[in-house]
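Visitor:
In the numbering used here, the protein residues as written are 6 to 170.
(1) Kindly give me the distance between the Cβ atoms of residue 105 and residue 140, rounded to whole angstroms, as I take these residues to be in contact under 8 Å.
(2) Can you list, in chain order, the stretches of the beta strand (DSSP E) that have 3 or more residues and sit fully within the segment 109-139?
(3) Measure how close the beta-carbons of residue 35 and residue 77 come, nearest whole angstrom, since I'm counting them as under 8 Å.
(4) For residue 152, collect the residues of the same chain with a Cβ closer than 7 Å to its Cβ; drop the 5 residues on either side in sequence, then sort them by chain order.
(5) Under 8 Å between the Cβ atoms of residue 67 and residue 10?
(6) Tell me where the beta strand (DSSP E) around residue 64 begins and ends.
(7) Does the distance from the C-beta atom of residue 26 to that of residue 75 stay below 8 Å?
(8) Is it buried or exposed for residue 18, if we count other Cβ within 10 angstroms and need 16 for buried?
(9) Between which two residues does the beta strand (DSSP E) harbouring residue 33 extend?
(10) With C-beta atoms as the reference, is residue 121 less than 8 Å away from residue 148?
(11) Return the chain-ordered list of same chain residues with a C-beta closer than 7 Å to the C-beta of residue 53, the five sequence neighbours on each side being excluded.
(12) Using the rule of at least 16 other Cβ atoms within 10 Å of the residue's Cβ for burial, across every protein chain shown, is residue 30 buried or exposed?
(13) Give a yes or no on whether the C-beta atoms belonging to residue 88 and residue 134 are separated by under 8 Å.
(14) Could you check which residue in 103, 79 and 51 has the C-alpha nearest to that of residue 114?
(15) For residue 165, I'd like the list of residues in its chain whose CB is within less than 6 Å of its CB, leaving aside the five on either flank, ordered along the chain.
(16) Please go through the same chain and pick out, in chain order, the residues whose beta-carbon is closer than 7 Å to the beta-carbon of residue 69, but skip the five residues on each side of it.
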């Protein structure tokens with residue numbers, strides 16, 4: 006019998022797996038933009054460790070293996086930020102990303118009082134855009150990432166869960 010993917014709060018023991026998974030998953034994004042200096046690829050391990058300790062970080066597990074991750078935190082002056090959503094390439098397209106987003110949104114709303122969520126993705130990242138639009142996000146603007154990649158900014162209200170998610 007096969008194992009199911011479970012979603013849970015990340016722990017200190019997950020940090021290195023999240024770090025390696027993030028590096029693997031964001032290679033495709035880096036290639037899409039011809040820029041291998043994007044934040045997820047250059048983020049230090051200690052920063053990932055700090056985020057796991059302070060932010061809302063969730064992982065998807067297949068047995069003992071971390072196969073997905075997402076992070077969120079409450080911004081002082083606006084919507085809660087959600088980022089670095091990644092799912093192992095061999096498991097993409099099975100709803101894991103939507104489940105991770107839902108877990109982060111629920112925790113940010115319930116535990117930290119978020120009323121809106123914001124995320125961003127590269128302007129060429131069509132698969133990411135499809136997912137975010139499907140789960141209720143709407144485009145609210147554009148920005149340039151610190152790495153120079155043009156980004157699309159998306160938001161949605163807390164509690165606005167799409168039926169297809």
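Here a beta-carbon is modelled for each residue, glycine too, at the ideal position from N, C-alpha and C.
Guide: Quick answer:
(1) At roughly 11 Å, the Cβ-Cβ gap does not stay under 8 Å, so residue 105 and residue 140 are not in contact.
(2) 121-127
(3) No, residue 35 and residue 77 are not in contact; Cβ-Cβ is about 23 Å, not under 8 Å.
(4) 40, 42, 43 and 44
(5) yes
(6) 61-67
(7) no
(8) exposed
(9) Not the beta strand (DSSP E): residue 33 falls in the alpha helix (DSSP H), residues 32-38.
(10) no
(11) 20, 23 and 24
(12) buried
(13) no
(14) 79
(15) 141
(16) none
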